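What follows is a set of notes on a single structure, which appears directly below.
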Amino acid sequence: MYKKNSGLGAVLLIAIIVFASGAFSQENRIWTLEECIEHAWENNLMLQQQKLSVDLAGENLTQSRANMFPSLNAGASHSYNIGRTVDPFTNDFITETVQANSFNATSSVSLFNGFQLRNIIRQNRYDLEAGKLDLERSYNDIALTVASAYLQILFSIEILENANNQLEISRQQVARTGKLVEAGTLPRGSLLTIQAQMATEELQVVNAKNQLDLAILNLRQIMYMAEDEELNIEIPVVDILPDEEIRESPMQVYQTAIQIQPEIKSADVRVFSAERGLAASKGARSPSLALSGSVGTGYSDARREQIFIIDPETGFPMPELGDVIPFADQFRDNVNQSIGLFLSIPIFNNLQVRSNISRSQINLENARLQSRIAREQLFQTIQQAHADASAALKRYIATETNVVALEESFRYTEQRFNVGMVNTLEYNDAKNRLSAAQSELLQAKYEYLFRTKILDFYLGNPLTF
Numbered sequence: 077m078y079k080k081n082s083g084l085g086a087v088l089l090i091a092i093i094v095f096a097s098g099a100f101s102q103e104n105r106i107w108t109l110e111e112c113i114e115h116a117w118e119n120n121l122m123l124q125q126q127k128l129s130v131d132l133a134g135e136n137l138t139q140s141r142a143n144m145f146p147s148l149n150a151g152a153s154h155s156y157n158i159g160r161t162v163d164p165f166t167n168d169f170i171t172e173t174v175q176a177n178s179f180n181a182t183s184s185v186s187l188f189n190g191f192q193l194r195n196i197i198r199q200n201r202y203d204l205e206a207g208k209l210d211l212e213r214s215y216n217d218i219a220l221t222v223a224s225a226y227l228q229i230l231f232s233i234e235i236l237e238n239a240n241n242q243l244e245i246s247r248q249q250v251a252r253t254g255k256l257v258e259a260g261t262l263p264r265g266s267l268l269t270i271q272a273q274m275a276t277e278e279l280q281v282v283n284a285k286n287q288l289d290l291a292i293l294n295l296r297q298i299m300y301m302a303e304d305e306e307l308n309i310e311i312p313v314v315d316i317l318p319d320e321e322i323r324e325s326p327m328q329v330y331q332t333a334i335q336i337q338p339e340i341k342s343a344d345v346r347v348f349s350a351e352r353g354l355a356a357s358k359g360a361r362s363p364s365l366a367l368s369g370s371v372g373t374g375y376s377d378a379r380r381e382q383i384f385i386i387d388p389e390t391g392f393p394m395p396e397l398g399d400v401i402p403f404a405d406q407f408r409d410n411v412n413q414s415i416g417l418f419l420s421i422p423i424f425n426n427l428q429v430r431s432n433i434s435r436s437q438i439n440l441e442n443a444r445l446q447s448r449i450a451r452e453q454l455f456q457t458i459q460q461a462h463a464d465a466s467a468a469l470k471r472y473i474a475t476e477t478n479v480v481a482l483e484e485s486f487r488y489t490e491q492r493f494n495v496g497m498v499n500t501l502e503y504n505d506a507k508n509r510l511s512a513a514q515s516e517l518l519q520a521k522y523e524y525l526f527r528t529k530i531l532d533f534y535l536g537n538p539l540t541f
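Each number in the working numbering corresponds to the 1-based position in the sequence shown with 76 added.
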């Protein structure tokens, strides 16, 4: 009994440890940029909706292909005729109640309709391809949005860290100034000024923390994260080298992008689709030829066997109606078949064909313009990202030099302030100028990183750090 209980306890202990370690690892999971993008892809509702649109385009293609096959339909009926009527199987007038059954099967196939079916198939094939490319573009857009939000969190973390560093310096300075005031070296006004500066920096820390919380919330919403999921992102090393000038020109990036970006491919494919749509509309001008065939049979209880009886007086045979002909015999004997060719020549259809052709021509011209617009927008986006990245890099290099100078200036000012050679206003001014330069340096850094990530993306490189 003791061994059984101890074994059960060991199992429970292992289960608790495994559950606790799993919960701990889930709570402390560090999300990389790639994992954030994957999570957003898996849970984005608009992507799921767009996948359904692709599925719908696939069904349209399947249906258009099936329209090339012959159609086949079968039917049956069961009826009662009361009163005077013509028996369809005997062609006799009858006044009794007749029970009848009929069975039929029909088939038809289009032999020629101006190649409309073939052009519609090709159009639907292009529409499906364009839908897949549009879906790929949506994946790319979400990836860029996640990367932007991810970088915003990194930027907010560094801003918060900078604000905390400035606050810590002020706290140390308040303590040091308080001692100097107590010793009579500095007036009490100096302490009050430093305390006011510290209060301002405490507010800046609160604001920086709020901005970080908002940045995290933004990424969580983009990723469609559940409320109970924690989001702790990986903080990579993202330093910028002084010689990190962009190698490719905007035109070089563009020439690569138009070969691989799905929005360009989609726009081109939609031009092909519109061309097939126009060809299909023009095909409606042509005569159409269809082949149709049918087979049918039936049963009527009015159809009876005809027997002949010899009249004893005249010696001639007299016809009389016998029993109802059996169902199987009627089903076999009443079979009828038909086959025919049907030619339709369009002459006047209330200008429907003409209007459809005009609409298709407009759609084609619109698709061509959209293709040009997509290329122009892509080039402008690349051109703007390239210009922003170059400007951010120049601003970063200049600001970095400024920060180094201001750090040295602040150290010198702080040393002089500690011995009473500089007043509080001069000290706070040096400190604030350094803090502003550090913030500007961070802004330039992350602006450059984001713009270069856009350029790398258009060059076909993955979004990583």
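Where a beta carbon is used, it is the ideal one built from N, C-alpha and C, also for glycine. This structure is a prediction, so every number in the text was calculated from the model and none was measured.
(1) Note down, in chain order, each residue of its chain lying with its Cβ closer than 7 Å to the Cβ of E310, except the 5 sequence neighbours on either side.
(2) Give every residue of the same chain whose Cβ lies closer than 6 Å to the Cβ of H462, excluding the five residues on either side of it in the sequence, and list them in chain order.
(3) Shortest alpha-carbon distance to A404 belongs to which of N177, L290 and I449?
(4) Measuring only the C-alpha atoms, how far is I473 from N537?
(5) Does the beta-carbon of T138 have 16 or more other beta-carbons within 10 angstroms, so that it is buried, or is it exposed?
(6) Count the other CB atoms, across all protein chains shown, that sit within 10 Å of the CB of R298; report buried if there are 16 or more and exposed otherwise.
(7) Kindly indicate which three-state DSSP category A275 falls into: helix, strand or coil?
(8) Can you list, in chain order, the residues of its chain with a C-beta nearer than 6 Å to that of N189? Leave out the 5 residues immediately preceding and following it.
(9) So, is L531 buried or exposed, given that buried needs 16 or more other C-beta atoms within 10 angstroms?
(10) Suppose only complete runs of 3+ residues qualify. What are the beta strand (DSSP E) ranges in the segment 437-478, listed by chain order?
(11) Scan the segment 111-182 and note each continuous alpha helix (DSSP H) run of 4 residues or more that stays entirely inside, going in chain order.
(12) Mapping DSSP to helix, strand and coil, what is F188?
(13) When DSSP labels each residue in this structure, what does V498 get in the three-state scheme?
(14) Beta strand (DSSP E) containing G353: first to last residue?
(15) Assuming contact is defined by CB atoms lying nearer than 7 Å, are Q273 and N504 in contact in what I supplied?
(16) Should A99 be labelled buried (16 or more other beta-carbon atoms within 10 Å of its own) or exposed?
(17) Thinking C-beta only, is L417 closer than 7 Å to A333?
(18) Whose C-beta lies closer than 6 Å to the C-beta of E277 among residues of the same chain, with five residues either side of it excluded?
(19) Going by CA-CA distance only, name the one from G374, E381 and T269 that's closest to N410.
(20) How far does the beta strand (DSSP E) with A366 in it reach, from first residue to last?
(21) Once DSSP output is grouped into helix, strand and coil, what is the label at I530?
(22) For the segment 209-218 and the segment 125-132, state whether three or more C-beta atom pairs, one from each stretch, are separated by less than 8 Å.
(23) For E490, which of helix, strand or coil comes out of DSSP?
(24) Per DSSP, what kind of secondary structure is D409 in: helix, strand or coil?
Walking through what the data contain:
(1) Here the set comprises I106, W107 and T108.
(2) P326
(3) For the residues N177, L290 and I449, the minimum Cα distance to A404 belongs to N177.
(4) 25 Å
(5) exposed
(6) According to the sequence provided, residue 298 is Ile. The question's Arg does not apply to it. It counts as buried.
(7) helix
(8) S364
(9) buried
(10) List check, beta strand (DSSP E) in window: nothing returned.
(11) Runs found: 121-142.
(12) strand
(13) coil
(14) G353 -> not in any beta strand (DSSP E); alpha helix (DSSP H) instead, spanning P338 to G359.
(15) Yes, they are a contact pair.
(16) Only weak support exists for where A99 lies, its pLDDT of 44 falling under 50; the value from the coordinates is given anyway. By the neighbour-count rule (16 or more Cβ atoms within 10 Å), A99 is not buried but exposed.
(17) no
(18) Q242, L243 and S246
(19) G374
(20) S364 to S376
(21) helix
(22) yes
(23) helix
(24) helix
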